[in-house]
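Everything on this sheet refers to the single structure shown next.
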Amino acid sequence: MKPAFLLLLLAFPAYAGDAKSPASNSGNWEWTVSAGPAVRSIGTLKINSGYRSGGVLVPSFVGNSSLTTPNVGDQNAAAERFYNDGYVRQDAGTPVDGSTWFWGYDNAGQVQGNQLVQSATGFESTLRDSFNIPSFGASSRDSLRGFSPHIQIDARGPQKLWGFRVGFSGGFDFTQVDQSLSYSNYSGNQFRDDYRLDYVDRYDLNGVIAPAAPYFGTIGGPGPLISNFPTTRTITPVLLFTDSASFSNQVWTSIDINVFSFTLGPSLTRSWGPFSMSLQGGAIFNIYDWDARQGERLNGTNSAGTSTVARWAEGDSGVKFRPGLYGQADISYDIGDGWAIGGYFRIDTASEFRAQAGPTTFKIDPSGYSAGFQVRYLLP
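For what it's worth, the working numbering labels the leading residue of the sequence shown as 10, then goes sequentially.
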């Protein structure tokens, strides 16, 4: 039953004059106090989480890029060239005609047809990475439920409407609820590839018959002339090793809410022997004392182990006041000597509010229900 409908039900007899019963002469006002445990649904909580890791410039966990070239000079310029198995250097005439007799080689296999083959070795390390960086964090939508002590004061007057005694009721509830969310949504990988660079330079002999290996020409010569410029140069990368690192985050967010609720409204009560039923409706005044927190850690893992790249701890708290409407139905059984036992069911609604912790927002829609057991005492 909607709260607005209950209010209309309670208000309607006041305007329906034909249905009004005469005032009861059987007694004065009766006051009762009730208390008992209840289960209460505070409403729904939606968490729209944010996270910080996506804005971090992650350092390299696998070292740096590097390049080590052998001392073989520029292919298109005269140079001093040193190889694993020989050399091709400059003599006095090299700047004039590009030729040199200052060259040498180690083994016969380097002479291949009309070419002299020289080899050298370099090294290179290159970095690459791959990251998954979502725009938003995780989200959730849950009902907030908790146990609540319920205290209620009822007053029943002598006047009746449609056989129901008219009065009013006031109540108090205190409920603690909390909700949390944890997730990991950020991931990434870094790689460093280490290569050996195999250089092969080929020199045209142009009819020159290479001296038998090993041969070591001198700067003073004389000796057979070849070009100081290699005819072709090939560089072949050979992968030697790949180092890697991985990254991930962990986010924890939570909110604790203490809810203080006060109800006040008119009531209609009717009895059938030891049984009594009461209908109530009116205003509910809610005070929400909230405390929200968020923590996040970004970790990096490489061959040396796991370490923290960055961490955050954020929080906020506050108090929100939200009035609303409620409707309630009670039923009780008189066990004698002014005591009664029974139960109640209440629905209530109020306007939503929001809380925040760092980049995460919490949206609370405080519309829910309560159901509980009561022990009632009739005040003398």
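Heads up, the beta-carbon is just placed ideally off N, CA and C, and yes, glycines get one too. From a predicted model like this one, the values you see are computed outputs, not experimental measurements.
- Taking all protein chains shown into account, LEU249 has fewer than 16 neighbouring C-beta atoms within 10 Å of its C-beta and is therefore exposed.
- The straight-line gap separating the alpha-carbon atoms of ILE340 and ASN308 is approximately 58 Å.
- Counted as a single uninterrupted DSSP element, the stretch harbouring ASP106 is not any beta strand (DSSP E) but the alpha helix (DSSP H) occupying residues 103-106.
- Of the residues TYR342, THR241, ASP252 and SER152, the one whose Cα lies closest to the Cα of SER189 is SER152.
- By the Cβ neighbour-count rule, PRO104 is exposed, with fewer than 16 other Cβ atoms within 10 Å of its own.
- When rounded, the separation of the alpha-carbon atoms in ASP138 and GLY324 is 33 Å.
- Of the candidates VAL318, LEU273 and SER255, the residue whose Cα lies closest to the Cα of LEU66 is VAL318.
- Burial check for SER58: the Cβ neighbour count within 10 Å reaches 16 or more, so the residue is buried.
- In the structure shown, the three-state DSSP call for GLY229 is coil.
- Under the three-state reduction of DSSP output, GLY63 falls in the helix class.
- Counting C-beta atoms within 10 angstroms of its own C-beta, GLY229 has fewer than 16 neighbours from the protein chains shown and is therefore classed as exposed.
- The DSSP-derived three-state label of GLY118 is helix.
- Inter-segment contact for the segment 40-51 and the segment 220-237 is absent: fewer than three beta-carbon pairs are separated by less than 8 Å.
- Look at GLU361 here: in three-state DSSP terms it is coil, with no helix or strand label.
- Sequence-distant partners of ARG320 (beyond 5 residues in either direction) whose C-beta falls short of 6 Å from its own C-beta, in its chain, are ARG306.
- Going by beta carbons, SER157 and ARG49 fall inside the 8 Å limit.
- DSSP lists no bridge partner for ASN80.
- For a cut-off of 8 Å, the C-beta gap from LEU334 to THR358 is around 6 Å, short enough to register as a contact.
- The closest CA to that of GLY82, considering only ALA129, PRO283 and ILE142, is found on ALA129.
- DSSP lists GLU305 as the bridge partner or partners of TRP321.
- By the neighbour-count definition (other C-beta atoms within 10 Å, threshold 16), THR262 is a buried residue.
- In this structure, DSSP gives PHE294 an extended state, which the three-state scheme calls strand.
- Per DSSP, THR240 lies in no beta strand (DSSP E) segment and is marked neither H nor E.
- Taking C-beta atoms under 8 Å as the contact rule, ASN258 and SER62 qualify, at a distance of about 4 Å.
- Going by C-alpha positions, SER193 is about 55 Å away from ALA164.
- DSSP places GLU39 in the uninterrupted beta strand (DSSP E) bounded by 39-57.
- Taking the CA atoms as reference points, GLY216 sits about 49 Å from GLY72.
- Under the DSSP definition of a beta bridge, ILE373 partners with LEU54 and PHE362.
- Restricting attention to THR272, PRO283 and ASP207, the CA atom closest to the CA of VAL247 is found in ASP207.
- Across the structure, ARG174 and SER360 are spaced so that their CA atoms are roughly 32 Å apart.
- Rounded to whole angstroms, the separation of the alpha carbons of PHE362 and LYS329 is 8 Å.
- Contact between LEU273 and ALA301 is absent: CB atoms are separated by about 30 Å, not below the 8 Å threshold.
- Per DSSP, ASN194 lies in no beta strand (DSSP E) segment and is marked neither H nor E.
- Within 10 angstroms of the beta-carbon of ALA101 lie fewer than 16 other beta-carbons, which makes it exposed.
- Counted as a single uninterrupted DSSP element, the beta strand (DSSP E) harbouring ASN141 occupies residues 124-141.
- Burial state of GLN185 is exposed, judged by a 10 Å Cβ sphere holding fewer than 16 other Cβ atoms.
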